[in-house]
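Following the working numbering, the numbering of the sequence shown begins with 1 at its first residue and continues without gaps.
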Amino acid sequence: MTATAPHGNLRLPRRRGERPLTRPHNPHQQLTQNPDVRLQEALWARMITLDGVLAARSAVSLPDTRALHLHPDLAHGPEDAFLAGTEFVHLHGHADGSLHLRLPETAAAEAVSAGWAEQHPMARAGVLPATLLMVYGPRDADELEQVWQLVRASYDYARGNARA
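Below you can see the structure in the form of structure tokens.
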């Protein structure tokens, strides 16, 4: 992966290539550059090891979407750290492979500017917070590490441990 100067607190490298095409409305889906199922499963295997999470269906997405819900005793983040209830991230089905999550404002801006994410269409319209993002699915092992870093940042935000 070609690295550029660090972006904000996460120090994300610039994502190589063009952004994938995405659906500009609900359901917000990644349409091109979709990750291999093995990479999606490798990411999910990491996600479910986070302390205090419950893997379940998403409360706000399509039926094939898997979500992480934070145990209420650990959910000390602000209300806007969550998608619904204590759901803080979800991974779309195998045909898509992208994720939706929330990040602190600076981290969200960094993820978008470095090419790893885009705002949800309803966030762009001002209906939902601007920090609601689609993170593009990882295309290789290097990208998996960057996407994992964004999932961890969302988890920290939901737990109330994020740096603004």
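Glycine included, C-beta positions come from ideal geometry on N, C-alpha and C.
All values reported here derive from a predicted model rather than from experimental measurement.
Assuming residue i and residue j are in contact, meaning their beta carbons sit under 8 angstroms apart, how far apart are those beta carbons, in whole angstroms?
i: Thr22; j: Met134; result: 6 angstroms
i: Gln149; j: Leu10; result: 6 angstroms
i: Tyr157; j: Ala81; result: 4 angstroms
i: Val37; j: His94; result: 5 angstroms
Are residue i and residue j close, meaning C-beta to C-beta below 8 angstroms?
i: His69; j: Glu87; result: yes
i: Arg65; j: His28; result: The residue you asked about is not Arg; residue 65 is Thr in the sequence shown. No, they are not a contact pair.
i: Leu144; j: Leu39; result: yes
i: Ala111; j: Leu43; result: no
Name the residue from the options whose alpha carbon lies nearest to the alpha carbon of residue i.
i: Pro20; options: Val127, Asp96, Leu43; result: Asp96
i: Gln33; options: Arg46, Arg16, Glu41; result: Arg16
i: Leu62; options: Leu132, Pro104, Ser98; result: Ser98
i: Thr106; options: Val89, Val127, Leu132; result: Leu132
i: Pro35; options: Ala158, Ala162, Asp140; result: Asp140
i: Leu74; options: Ala111, Gly126, Gly52; result: Gly52
i: Arg124; options: Arg14, Asn161, Asn26; result: Asn26
i: Asn161; options: Leu103, Ala56, Leu43; result: Leu103
i: Arg57; options: Pro78, Glu79, Gly85; result: Gly85
Give the straight-line distance between the Cα atoms of residue i and residue j, rounded to the nearest whole angstrom.
i: Leu101; j: Pro129; result: 11 angstroms
i: Ser154; j: Pro121; result: 19 angstroms
i: Ala67; j: Arg46; result: 13 angstroms
i: Gly8; j: Gln146; result: Only weak support is given to the placement of Gly8: the predicted model assigns it a pLDDT of 49, under 50, and the value that follows is read from those uncertain coordinates. Taking the straight line from one Cα to the other gives about 14 angstroms.
i: Val89; j: Arg14; result: 22 angstroms
i: Val127; j: Leu83; result: 13 angstroms
i: Leu54; j: Arg159; result: 14 angstroms
i: Thr2; j: Glu18; result: With a pLDDT of 35 at Thr2, under the threshold of 50, the modelled position of that residue is not reliable, and no figure is offered here.
i: Glu79; j: Ala109; result: 19 angstroms
i: Ala5; j: Pro24; result: With a pLDDT of 37 at Ala5, under the threshold of 50, the modelled position of this residue cannot be trusted; read the value that follows with caution. Between Ala5 and Pro24, the C-alpha separation is close to 30 angstroms.
i: Val151; j: Asp142; result: 15 angstroms
Any 3 or more C-beta pairs closer than 8 angstroms across the stretch 109 to 118 and the stretch 132 to 147: Per the Cβ contact rule, the stretch 109 to 118 is in contact with the stretch 132 to 147 (3 or more Cβ pairs under 8 angstroms).
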